[in-house]
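Residue numbers (this note's numbering): 1 to 94.
This report refers to the structure that appears directly beneath it.
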């Protein structure tokens, strides 16, 4: 019985760490999107390569958020998550 509680505790801890990693990926991808919007001097080739890599990372992160963390993966869900993550970070830095 005690072993089951310990496994559940470890599972919660790992999911918390995975959520943290997933949140960092969301922030990174949001930052890349902002960079593309601001910087017009990025070459088309670099832009294409970054776009492909970002799409792959976003796809894998969506799988983690949906199937493991049971979180929403719509564009609105992700935008809301980024907003909440930034808000929480600002509270911690004050």
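No residue lacks a Cβ here, since even glycine has one placed at the ideal position from N, Cα and C.
Keep in mind the model is a prediction, meaning the values are calculated, not measured.
Residue i to residue j span [Cα, whole Å]
i, j, result
"residue 48", "residue 69", "30 Å"
"residue 2", "residue 67", "28 Å"
"residue 35", "residue 53", "15 Å"
"residue 87", "residue 93", "10 Å"
Residue i classed as buried or exposed, judged by whether at least 16 other C-beta atoms fall within 10 angstroms
i, result
"residue 22", "buried"
"residue 40", "exposed"
"residue 75", "exposed"
Integer Cβ distance of residue i from residue j, believed to fall under 8 Å
i, j, result
"residue 85", "residue 14", "With a Cβ gap of about 19 Å, residue 85 and residue 14 do not count as contacting."
"residue 57", "residue 65", "With 8 Å as the limit, residue 57 and residue 65 do not qualify as a contact, their Cβ atoms being about 12 Å apart."
Whether residue i touches residue j by CB criterion (7 Å)
i, j, result
"residue 25", "residue 55", "no"
From the options, residue whose alpha carbon lies closest to that of residue i
i, options, result
"residue 63", "3, 88 and 78", "78"
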